[in-house]
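Here the sequence shown is numbered in the numbering used here, starting from 1 and rising by one per residue.
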Amino acid sequence: MVDKGQGEKQFETEEDLTKVEIPQTLPLLPLRGIVIFPNQTHPFLVSRPSSLKLLEEVDQSQLIALTAQKNPEEENPAPDGLYQRGTAVRILKMLKYPDKSVRVLVQGIARIELQQFIQREPYFIARVNRL
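In structure tokens, the structure reads:
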């Protein structure tokens, strides 16, 4: 805590997200019906096999890319079924449920644009640019 004088105190717990380095390639998790923005902390449920595989292979606190699907009803969207803009996020917490689904808590770091899909199976990996 920093004393700013005259009784006003400010907590120094917030990280400057503009200084977080975004790798050129990120694992990409498509989202159905939700959008995560920078500076937002948000939980969501993951149950799609390809998304579960992605979460199995990344370290907690690693950055991943999230982007919304154009059609939320589509089970396995192709790259052209995804919006080209999304958010780089940090995984804060993962909670595995008995039905094999996972609740994920993420923190939005920066807006990104998908440039190229490098891998499509077992999950997407994309080259990204920070916006």
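Where a beta carbon is used, it is the ideal one built from N, C-alpha and C, also for glycine.
Since the structure is predicted, the reported quantities are computational estimates derived from the model, not experimental observations.
- Would you kindly work out how many angstroms separate the C-alpha atoms of F11 and E74, rounded to a whole number? With a pLDDT of 43 at F11, under the threshold of 50, the modelled position of that residue is not reliable, and the figure given next carries that caveat. Their Cα atoms are separated by approximately 43 Å.
- Where do the N-terminal and C-terminal ends of the beta strand (DSSP E) with L45 fall, by residue? Boundaries of the beta strand (DSSP E) around L45: T41 to V46.
- Could you check the C-alpha separation between I125 and L17 for me, to the nearest Å? Taking the straight line joining both Cα atoms gives about 22 Å.
- According to the Cβ coordinates, are I112 and A68 closer than 9 Å? The answer is no: Cβ separation not under 9 Å.
- What runs of the beta strand (DSSP E), each 3 residues or longer, lie entirely inside the region 66-101? At a cut-off of 3 residues, the continuous stretches assigned as beta strand (DSSP E) that sit fully inside the region 66-101 are 85-96.
- Message: Quick check on DSSP: helix, strand or coil for L17?
- Response: Secondary structure of L17 (DSSP, three-state): helix.
- Can you tell which of D99, L114, I109 and L82 has its C-alpha closest to the C-alpha of L52? Checked all of D99, L114, I109 and L82; the closest Cα to L52 is D99.
- Of the listed residues V89, V128, R48 and K96, nearest to N76 (C-alpha basis): Comparing C-alpha distances from N76 to each of V89, V128, R48 and K96 shows the shortest one belongs to R48.
- Message: Whole angstroms are fine: how far does the CA of E56 sit from the CA of V20?
- Response: A direct Cα-Cα distance of roughly 23 Å separates V20 from E56.
- Query: Taking Cβ positions, are T41 and V128 nearer each other than 9 Å?
  - Reply: Taking 9 Å as the Cβ cut-off, T41 and V128 do not qualify as a contacting pair.
- Taking DSSP as the reference, what is the three-state secondary structure of E56? Three-state result, E56: helix.
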